[in-house]
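What follows is a set of notes on a single structure, which appears directly below.
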Amino acid sequence: MLITTIHQFESLQALKDNGVDAILIGIPHYSIRHCIEVSLRDIPKWRESCTKLNLKLYINFLKFCHEDQIEDMKKTLFILKENNVDGIYYGDEGVFYEAKKIGLSCIYQPETLITSSQDINFYLSNGAESVSLAHELSLDEICEIAKVQSNFEILLSGYYSILYSRRPLLSNYFQLLNLEKNKKSYTLIEQTRQGKMPILEDENGTYIFSEEPMQSYKEFEKLKQLQISRYRIDSIFFDDEWTIKVLQSYQKNLKIVPGSNRWYYQESIQKKEKNL
Numbered sequence: 299m300l301i302t303t304i305h306q307f308e309s310l311q312a313l314k315d316n317g318v319d320a321i322l323i324g325i326p327h328y329s330i331r332h333c334i335e336v337s338l339r340d341i342p343k344w345r346e347s348c349t350k351l352n353l354k355l356y357i358n359f360l361k362f363c364h365e366d367q368i369e370d371m372k373k374t375l376f377i378l379k380e381n382n383v384d385g386i387y388y389g390d391e392g393v394f395y396e397a398k399k400i401g402l403s404c405i406y407q408p409e410t411l412i413t414s415s416q417d418i419n420f421y422l423s424n425g426a427e428s429v430s431l432a433h434e435l436s437l438d439e440i441c442e443i444a445k446v447q448s449n450f451e452i453l454l455s456g457y458y459s460i461l462y463s464r465r466p467l468l469s470n471y472f473q474l475l476n477l478e479k480n481k482k483s484y485t486l487i488e489q490t491r492q493g494k495m496p497i498l499e500d501e502n503g504t505y506i507f508s509e510e511p512m513q514s515y516k517e518f519e520k521l522k523q524l525q526i527s528r529y530r531i532d533s534i535f536f537d538d539e540w541t542i543k544v545l546q547s548y549q550k551n552l553k554i555v556p557g558s559n560r561w562y563y564q565e566s567i568q569k570k571e572k573n574l
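299 is the number of the first residue of the sequence shown in the working numbering; add one for each residue after it.
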């Protein structure tokens, strides 16, 4: 299954025409790092159009909820269930508990925690539809996992989150320097890095992303041979036209859109050196 984020309702047909199987959208108050925010009253319109196009409709429900939000969270999940969405992406186990009680399908997306077939099997055995693999794993590590369990999702293209804080870090920074914060997103350069990392802030906190978008053009054929169940393209900081170009790039096996595949070939385990 190929899943993509989306920026405009009008792009549904074009995305379907270019091979997309499922759409991932955001909703108010419970989505983070999303490309579009759809009001609950507009969910039926999206559901109807996705059904006509034979597209699955998933909801970004990745926010971690405080105790005073639980009742509203339960009501929101019930509305999504009533509108027959195909599932939610979650990171909060409390959200999973409530969604499972009403029969709402769930995909676990913790960004960095799923690093083995044992991790995958644990969440599948507890009722998750699928899980999203950690983005930092190498191609060899993904292949080893897929030999045992292939029901997982990987990010094919797009920026990925490397830090999330509930604190308004950008606002605090500009307030400390007595400067005006006049944009939603900026770029950050660490002292030990060369690349510029996108950083943005919204009502749910602050997010820092990878220096450049991931791409998997060279690796895509090998990944397909592993029979991995789900692939995702995340178009945050881009638009639907970018997504369509990326889709066409994979179909034609051409690297048309910039990005890096270096994560597939770096060591994710650092071995301790012996003192001689």
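We put the CB at the ideal spot given by N, CA and C, even for glycine.
Everything numeric in this text was worked out from a predicted model, so none of it was measured.
**OP:** Starting from the C-beta of E510, find all residues in its chain whose C-beta is less than 7 Å away, skip the five residues before and the five after it, and write them out in chain order.
**Re:** Contacts found: G493, G557 and S558.
Subject >> Beta-carbon contacts of I600 that lie in its chain and below 6 Å, excluding the five residues immediately before and after >> reply: Look at the range of the chain in this structure, 299 to 574, and you will see that residue 600 is not part of it.
Original post:
Excluding sequence positions up to five away, which residues of its chain have a Cβ less than 6 Å from the Cβ of Y505?
Top reply: Sequence-distant partners of Y505 (beyond 5 residues in either direction) whose C-beta falls short of 6 Å from its own C-beta, in its chain, are R331, S459, Y462 and L498.
**OP:** Work out the CA separation of K398 and D417 for me, nearest whole Å.
**Re:** Cα to Cα, the separation comes out at about 19 Å.
Original post:
Are the segment 339-352 and the segment 299-316 touching, with three or more C-beta to C-beta distances below 8 Å?
Top reply: Flag = yes, the segment 339-352 and the segment 299-316 touch.
Original post:
Can you tell me whether V446 is buried or exposed, with buried defined as 16 or more other CB within 10 angstroms of its CB?
Top reply: Around the Cβ of V446, a 10 Å sphere holds fewer than 16 other Cβ atoms; the residue is exposed.
Original post:
Among Q513, T374, M299 and D340, which residue has its Cα nearest to the Cα of Y457?
Top reply: Residue Q513 is the option with its Cα nearest to Y457.
Original post:
DSSP on I323, reduced to helix/strand/coil?
Top reply: The three-state secondary structure of I323, taken from DSSP, is strand.
Subject >> Candidates C363, I341 and F362, of which the one nearest E380 by Cα >> reply: The shortest Cα separation from E380 among C363, I341 and F362 belongs to I341.
Subject >> the segment 440-455 / the segment 518-534 touching (three or more Cβ pairs under 8 Å) >> reply: Flag = yes, the segment 440-455 and the segment 518-534 touch.
Original post:
Could you give the uninterrupted runs of the beta strand (DSSP E) lying entirely in the segment 377-421, keeping only those of 3 residues or more?
Top reply: Along the length of the segment 377-421, whole beta strand (DSSP E) runs at least 3 residues long occupy 385-388 and 404-406, reported in chain order.
**OP:** Use the C-beta contact count for N358: other C-beta atoms within 10 angstroms, 16 or more gives buried, fewer gives exposed.
**Re:** Under this definition N358 is a buried residue.
**OP:** Would you mind giving the Cβ-Cβ distance between Y361 and N502, rounded to the nearest angstrom? I have them listed as a contact below 8 Å.
**Re:** Per the sequence shown, the amino acid found at residue 361 is Lys instead of Tyr. A Cβ-Cβ distance of about 6 Å is found for the pair K361 and N502, placing them in contact under the 8 Å criterion.
**OP:** Compute the beta-carbon to beta-carbon distance between A432 and I412, rounded to the nearest angstrom, for a pair I have assumed lies under 8 Å.
**Re:** Rounded, the Cβ-Cβ distance is 5 Å, consistent with contact.
Subject >> Supposed close pair G317, Q489 - CB separation, criterion 8 Å >> reply: At roughly 42 Å, the Cβ-Cβ gap does not stay under 8 Å, so G317 and Q489 are not in contact.
Original post:
According to DSSP, what are the bridge partners of E335?
Top reply: Answer is G324.
**OP:** Mind listing, in chain order, the continuous beta strand (DSSP E) runs of no fewer than 3 residues lying wholly within the segment 463-535?
**Re:** The segment 463-535 is shown to contain whole beta strand (DSSP E) runs of 3 or more residues at 483-486, 495-500, 503-507 and 528-531, in chain order.
Subject >> S414 versus S403, S430 and I400, residue with shortest Cα-Cα distance >> reply: That would be S430, whose Cα lies nearest to the Cα of S414.
Original post:
Looking at R345 and V383, is the spacing between their C-beta atoms short of 8 Å?
Top reply: Taking 8 Å as the cut-off, the Cβ atoms of V383 and R345 count as close.
Subject >> Three-state secondary structure (DSSP) of S436 >> reply: Here S436 sits in coil by DSSP.
Subject >> Contact set for E478: own chain, Cβ-Cβ below 8 Å, skip 5 residues either direction >> reply: In chain order, F472 place their CB closer than 8 Å to the CB of E478, counting only its own chain and leaving out the 5 sequence neighbours on each side.
Original post:
When the Cα of K343 is compared with those of C363, F307, E369 and D370, which residue comes out closest?
Top reply: Relative to the Cα of K343, the nearest Cα in the group C363, F307, E369 and D370 belongs to F307.
**OP:** Return helix, strand or coil for E249, following the three-state DSSP convention.
**Re:** As shown, the chain starts at 299 and ends at 574. That puts residue 249 outside it, with no answer to give.
Original post:
Quick one: complete beta strand (DSSP E) runs, 3+ long, within the segment 336-367?
Top reply: DSSP runs (the beta strand (DSSP E)) wholly in the segment 336-367: 354-359.
Original post:
What three-state label does DSSP hand E427 in the structure shown?
Top reply: Three-state DSSP puts E427 in coil, outside helix and strand.
Original post:
Is S547 helix, strand or coil by DSSP?
Top reply: Residue state, collapsed to three classes: helix.
Original post:
Under three-state DSSP, which class holds S455?
Top reply: In the structure shown, S455 sits in a strand (DSSP, three-state: E or B).
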